[in-house]
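Line by line, the protein sequences give chains A and B.
Residues 406 to 737 (our numbering) are what the first sequence spells out, left to right.
Residues 406 to 737 (our numbering) are what the second sequence spells out, left to right.
The beta-carbon is built from N, C-alpha and C at its ideal position, and this holds for glycine as well.
Here's the structure we're looking at; comments come further down.
Protein chains: 2
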Amino acid sequence: MANLKQIAAELSLSVTTVSRALKDGPEVQPSTIARVKEAAKRVGYLPNHHGRALKTGRTLTLTAVLPMETRDHLSDLLKLPLIEGMTLAARKAGYSLSIYSTTPDDDPVESVQRQLQAHSTDGLIITRLVSGDPRVKLLLDQRMPFVAFGRTDLDTAYPYVDVDNEQIAYEATRRLMDKGCRRIALQLLVPEDQGSAMRLSGYRKAMAEAGIPIDQSLIGHGMFTMESSAAWFDRLLACSDPPTGLACANELGLLGALHALGKRGLVPGRDVHIVTRDSTRLAHFLPAKIEVHSVDMAAVGRKLVEVLESRIIDPLGPVETILLKGEFDPGE
Amino acid sequence: MANLKQIAAELSLSVTTVSRALKDGPEVQPSTIARVKEAAKRVGYLPNHHGRALKTGRTLTLTAVLPMETRDHLSDLLKLPLIEGMTLAARKAGYSLSIYSTTPDDDPVESVQRQLQAHSTDGLIITRLVSGDPRVKLLLDQRMPFVAFGRTDLDTAYPYVDVDNEQIAYEATRRLMDKGCRRIALQLLVPEDQGSAMRLSGYRKAMAEAGIPIDQSLIGHGMFTMESSAAWFDRLLACSDPPTGLACANELGLLGALHALGKRGLVPGRDVHIVTRDSTRLAHFLPAKIEVHSVDMAAVGRKLVEVLESRIIDPLGPVETILLKGEFDPGE
DNA sequence: AGATGCAATCGTAACGTTACGATTATAAAT
DNA sequence: ATTTATAATCGTAACGTTACGATTGCATCT
């Protein structure tokens with residue numbers, strides 16, 4: 406296979422000059438640069454990744470640690486555009502992207518540690534942060550460039566990309582108000598989760614602006630199945646003053662809501678208005694009229710790589726944090 | 406960071422001996438091996454990927470070339486378990502997996518070529534083979550270990566993993582017959598596609614066994630949207646002797662069929678029986694009674710890696726080809 | 001003429017690893 | 001006591017690259 410040595414021999418140059426010529430070194434004569442580049446192209450030279458990595462310490466590889474969702478495959482819908490966004494952005498920046506899938510019984514800290522020590526990556530993308538995530542501290546300590554998808558409750562600054570849950574919930578609530586709803590149900594996932602807290606805050610803000618008092622019974626937590634979701638919405642619709650606007654937490658929540666409505670013969674878009682999150686695909690195929698507020702996951706992937714890249718280039722630079730806004734899908 | 410040199414210095418041994426001890430070389434005294442391993446563990450030694458790759462020529466990296474589906478995001482459902490299967494199997498075998506996403510305007514041959522020449526991977530997984538796929542020839546010529554997901558019409562032998570479309574269509578047809586259907590509609594994607602040809606063959610076989618003549622009007626091609634799919638099924642249902650069994654090509658096809666049925670007030674499972682492919686998720690959430698015949702994509706991913714691995718270990722060994730069967734999802 | 005500066009190129013060493021032949025020490029055989 | 005075999009360890013080179021100081025040639029200035 407072609408390498409610098411061969412090109413050097415062929416042109417009676419030193420390896421050094423060839424190396425420099427290929428990166429347009431200012432010390433090399435323009436005519437020599439041209440000759441070298443021509444020869445490199447002719448013999449199909451591509452730099453050897455490992456020789457370079459060994460010498461420079463840069464691997465031109467990024468690694469994304471992604472948890473496998475064996476339990477809830479619906480949320481996977483979001484993961485694929487994320488992967489696509491990351492891989493393409495990485496490629497554009499000259500990196501290749503390695504995917505490290507973790508199973509539920511993998512120790513997340515250990516999986517990060519292994520990546521660190523094998524020196525096989527220039528930067529890490531971590532996802533699914535937990536409260537006080539130990540990986541953040543570990544990576545900061547070791548000075549391994551990284552970026553997190555999501556925030557957690559740490560007082561140290563670290564680079565992350567996250568979805569602006571507050572804005573999303575605010576806009577969803579406002580949209581339901583625009584449809585005339587005043588009693589609006591908000592479905593959340595885990596109350597202790599940072600994202601859910603932000604969503605609640607956005608909801609509260611919209612309600613306060615409209616001068617509508619908060620009814621705690623319209624705020625629900627912890628529905629992870631369609632069944633439990635349906636049961637909750639069913640209970641709400643059964644009460645004396647039922648909600649006329651529903652903000653679903655995700656796709657499962659939407660299906661639960663539809664189920665509950667169907668049971669009572671209520672029609673979405675007429676009797677009740679629904680806004681849901683990140684369910685473009687499903688909502689698109691359902692006959693019901695549903696508004697979808699979603700985040701461009703491919704953009705999240707791109708941003709993750711961009712932040713990580715700038716982190717690698719300048720590890721001591723300002724800590725970038727990015728919040729991505731959601732948008733309503735255009736109506737049909 | 407810990408390396409062989411440091412361990413050697415600490416134990417007053419040569420780098421060679423340490424290197425050998427860590428791989429249980431028979432030339433090293435057992436007591437020395439123990440000492441070395443203890444020291445390695447203590448200082449947190451992990452072999453440097455690039456030093457090793459440079460010396461041995463093996464990178465311990467596999468690369469999967471995956472096309473991005475900007476057009477039809479539904480089929481993506483199948484890709485995520487595929488990725489998960491591949492990454493986990495790769496990890497188990499001591500490899501890391503790199504994802505190379507290609508956009509529709511990437512030249513597939515060039516993308517493979519780049520991987521080849523950068524010497525940055527031990528093996529390639531290629532997908533979406535086209536008729537007479539030039540990549541197969543290229544990779545065989547260059548002796549780069551690879552495995553394909555899917556078959557194509559080449560007379561040269563090459564390793565692949567594929568889905569047994571013939572068996573799947575056969576079983577789907579049989580299942581509909583078991584429900585009492587005799588007029589069975591078969592929806593296919595692209596007629597010139599190898600997979601569709603095999604499906605047709607499986608359908609024909611089942612029909613022949615049951616002594617039912619083939620009605621060409623019940624075999625449909627090339628529906629890539631829900632709308633066109635709905636239109637086709639609608640036309641079928643409108644005719645004088647409509648089908649009572651529908652075999653849908655994929656999720657879009659299923660949605661089209663349901664749409665057509667709903668329009669005429671027909672109920673799946675009562676008036677018409679439906680079998681569809683790889684739509685577990687969607688079918689699970691729809692109220693309609695639908696049978697789903699699906700292939701375990703995580704298993705496909707695992708098999709791809711396993712075949713590729715054995716290819717790397719023994720490039721001149723027998724060419725493995727694997728056909729994976731589909732299965733009906735268990736009823737509720 | 002000799003010194004000075006600059007442009008262009010070269011040579012050596014190093015990154016961390018492994019392959020392989022050389023070397024030493026120890027025990028067994030003559 | 002000398003040879004021979006064996007076990008254990010060492011030293012050197014190499015994989016392909018890049019960093020850096022050294023070297024060469026040539027024009028310019030005093």
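Practice problem: Give the DSSP-derived three-state secondary structure of residue 638 of chain B in the structure shown. | Solution: As a working note, residue 638 of chain B is residue 233 in the second sequence. Residue 638 of chain B carries a helical assignment under DSSP once its states are collapsed to helix, strand and coil.
Quiz item: So is residue 625 of chain A in contact with chain B if we call contact Cβ pairs under 8 Å?
Solution: Indexing the first sequence from 1 puts residue 625 of chain A at position 220. By the rule that beta-carbons nearer than 8 Å mark a contact, residue 625 of chain A does not touch chain B.
Practice problem: Determine the DSSP secondary structure at residue 589 of chain B, reduced to helix, strand or coil. | Solution: Within the second sequence, residue 589 of chain B is the residue found at index 184, counting from 1. DSSP places residue 589 of chain B in strand when its eight states are reduced to three.
Practice problem: Sort B:623, B:442 and B:645 by Cα distance to residue 637 of chain B and report the nearest one. | Solution: On the second sequence, residue 637 of chain B is found 232 positions in, with the first residue counted as 1. Residue 637 of chain B has its Cα closest to that of B:623, out of B:623, B:442 and B:645.
Quiz item: Can you find a CB in chain A that lies within less than 8 Å of the CB of residue 630 of chain B?
Solution: Along the second sequence, read from residue 1 onward, the residue named residue 630 of chain B stands at position 225. False, the Cβ-Cβ gap to chain A never drops below 8 Å.
Quiz item: Grouping DSSP H, G and I as helix and E and B as strand, with all else coil, what is residue 467 of chain A?
Solution: Within the first sequence, residue 467 of chain A is the residue found at index 62, counting from 1. Residue 467 of chain A: strand per DSSP, three-state reduction.
Quiz item: DSSP puts residue 728 of chain B in a beta bridge; with which residues?
Solution: What you label residue 728 of chain B is simply residue 323 of the second sequence in a count that begins at 1. For residue 728 of chain B, which the question treats as bridged, DSSP gives the partners B:567.
Quiz item: Which residue's Cα is closest to the Cα of residue 598 of chain B: B:546, B:612 and B:538?
Solution: The residue you call residue 598 of chain B lines up with position 193 of the second sequence. Looking at the Cα atoms, B:538 is the closest of the given residues.
Exercise. For the alpha helix (DSSP H) containing residue 492 of chain B, list its first residue and its last residue.
Key: For the purposes of this step, residue 492 of chain B is taken as the residue at position 87 of the second sequence. Taken as a continuous stretch (DSSP letters only), the alpha helix (DSSP H) holding residue 492 of chain B covers 484–497.
Exercise. Return the residues of the segment 498–511 of chain A that lie within a Cβ-Cβ distance of less than 8 Å from chain B, sorted by chain order.
Key: 501, 502, 503, 504, 505, 506 and 508
Practice problem: Please specify which runs of the beta strand (DSSP E), each continuous and at least 3 residues long, are wholly inside the segment 643–691 of chain A, giving them in chain order. | Solution: 650–652 and 678–682
Practice problem: State the beta-bridge partners of residue 399 of chain B as determined by DSSP. | Solution: Past the edges of chain B, shown from 406 to 737, lies residue 399 of chain B, and the structure says nothing about it.
Self-check item: chain A contact for residue 562 of chain B (CB, 8 Å cutoff)
Solution: Indexing the second sequence from 1 puts residue 562 of chain B at position 157. With 8 Å as the cut-off, residue 562 of chain B does not count as an interface residue toward chain A.
Quiz prompt | Boundaries of the beta strand (DSSP E) in which residue 503 of chain A is found, first to last residue | solution = In the first sequence, residue 503 of chain A corresponds to position 98, counting from 1. Where residue 503 of chain A is concerned, the enclosing beta strand (DSSP E) stretches over 501–507.
Self-check item: Cβ of residue 415 of chain B within 8 Å of any chain A Cβ
Solution: Translated into the one-based positions of the second sequence, residue 415 of chain B becomes position 10. So, not an interface residue.
Quiz item: Exposed or buried, residue 628 of chain A, counting other C-beta atoms within 10 Å across all chains shown (16 or more means buried)?
Solution: Along the first sequence, one-based indexing puts residue 628 of chain A at 223. By the neighbour-count rule (16 or more Cβ atoms within 10 Å), residue 628 of chain A is buried.
Practice problem: Can you pull the chain B residues whose beta carbon is under 7 Å from the beta carbon of residue 655 of chain A, in chain order? | Solution: Counting from 1 along the first sequence, the entry for residue 655 of chain A is found at position 250. Neighbours of residue 655 of chain A on chain B: none; closest Cβ ~13 Å, over 7 Å.
Practice problem: Evaluate contact between the segment 721–733 of chain B and the segment 555–569 of chain B, counting only Cβ atoms and requiring at least three cross-stretch pairs below 8 Å. | Solution: The segment 721–733 of chain B is in contact with the segment 555–569 of chain B.
Quiz prompt | Sheet register partners of residue 532 of chain A (DSSP bridge) | solution = Translated into positions along the first sequence, residue 532 of chain A becomes position 127. DSSP output for residue 532 of chain A lists A:554 as bridge partner(s).
Quiz item: Looking at the structure shown, is residue 472 of chain A part of a helix, part of a strand, or coil, going by DSSP?
Solution: The count along the first sequence starts at 1 and reaches residue 472 of chain A at position 67. Residue 472 of chain A falls in the strand class under three-state DSSP.
Practice problem: Excluding the 5 residues preceding and the 5 following residue 444 of chain A in the sequence, name in chain order all residues of the same chain whose CB lies nearer than 7 Å to its CB. | Solution: Here residue 444 of chain A corresponds to residue number 39 of the first sequence, with the count starting at 1. So the list reads 412, 415 and 416, once near-sequence residues are dropped.
Quiz prompt | Interfacial residues, the segment 435–451 of chain B to chain A, with Cβ spacing under 7 Å | solution = Result list: 449 and 451.
Quiz item: Residue range of the alpha helix (DSSP H) that residue 612 of chain B falls in?
Solution: For this step, residue 612 of chain B is matched to residue 207 along the second sequence. Counting along the chain, residue 612 of chain B sits inside the alpha helix (DSSP H) bounded by residues 599–614.
Exercise. Out of A:487, A:719 and A:507, point me to the one whose CA is closest to residue 490 of chain B's CA.
Key: Numbered from its first residue, the second sequence carries residue 490 of chain B at position 85. Ranking the options by Cα distance to residue 490 of chain B, first place goes to A:507.
Quiz item: What does residue 464 of chain A reach in chain B if we use C-beta pairs closer than 9 Å?
Solution: Here residue 464 of chain A is taken as the residue at index 59 of the first sequence, counted from 1. The contacting residues are 454 and 455.
Quiz item: So residue 604 of chain B and residue 571 of chain B are in contact, right, with Cβ under 8 Å, and what is the actual spacing, rounded?
Solution: Within the second sequence, the letter at position 199 stands for residue 604 of chain B. Within the second sequence, the letter at position 166 stands for residue 571 of chain B. 7 Å between Cβ atoms; contact.
Self-check item: Run of the alpha helix (DSSP H) containing residue 435 of chain B, from where it starts to where it stops
Solution: As a working mapping, residue 435 of chain B is identified with position 30 in the second sequence. First-last of the alpha helix (DSSP H) with residue 435 of chain B: 435–448.
Exercise. Measuring only between beta-carbons, confirm whether residue 485 of chain A sits less than 8 Å from chain B.
Key: The residue you call residue 485 of chain A lines up with position 80 of the first sequence. Interface annotation, residue 485 of chain A: in contact with chain B, CB-CB separation under 8 Å.
Quiz prompt | Through-space distance from residue 716 of chain A to residue 530 of chain A, alpha-carbon basis | solution = As a position in the first sequence, residue 530 of chain A is number 125, starting the count at 1. As a position in the first sequence, residue 716 of chain A is number 311, starting the count at 1. Between residue 530 of chain A and residue 716 of chain A, the C-alpha separation is close to 12 Å.
Exercise. For the segment 547–576 of chain A, enumerate the residues whose C-beta is nearer than 8 Å to any C-beta of chain B, in chain order.
Key: Residues: none.
Practice problem: Just the C-alpha distance for residue 696 of chain A and residue 671 of chain A, rounded to the nearest angstrom, thanks. | Solution: Counting from one through the first sequence, the residue named residue 696 of chain A turns up at place 291. Counting from one through the first sequence, the residue named residue 671 of chain A turns up at place 266. Their Cα atoms are separated by approximately 17 Å.
Quiz item: Would you report the Cα separation of residue 585 of chain B and residue 647 of chain B, rounded to the nearest angstrom?
Solution: By one-based count along the second sequence, residue 585 of chain B stands at place 180. By one-based count along the second sequence, residue 647 of chain B stands at place 242. Looking at the two C-alpha atoms, the distance is approximately 14 Å.
Quiz item: Is residue 720 of chain B near residue 548 of chain B, with beta carbons less than 8 Å apart?
Solution: Indexing the second sequence from 1 puts residue 720 of chain B at position 315. Indexing the second sequence from 1 puts residue 548 of chain B at position 143. Yes. Within cutoff.
Quiz item: If we count Cβ pairs, one from each stretch, closer than 8 Å, do we get three or more for the segment 417–424 of chain A versus the segment 487–503 of chain B?
Solution: no
Exercise. Classify residue 434 of chain B as buried or exposed, calling it buried when 16 or more other Cβ atoms lie within 10 Å of its own Cβ.
Key: As a working mapping, residue 434 of chain B is identified with position 29 in the second sequence. Around the Cβ of residue 434 of chain B, a 10 Å sphere holds fewer than 16 other Cβ atoms; the residue is exposed.
Quiz item: Do you know whose CA, among B:544, B:589, B:702 and B:630, lies nearest residue 612 of chain B's CA?
Solution: The sequence position of residue 612 of chain B within the second sequence is 207, counting from 1. Cα-wise, what sits closest to residue 612 of chain B is B:589.
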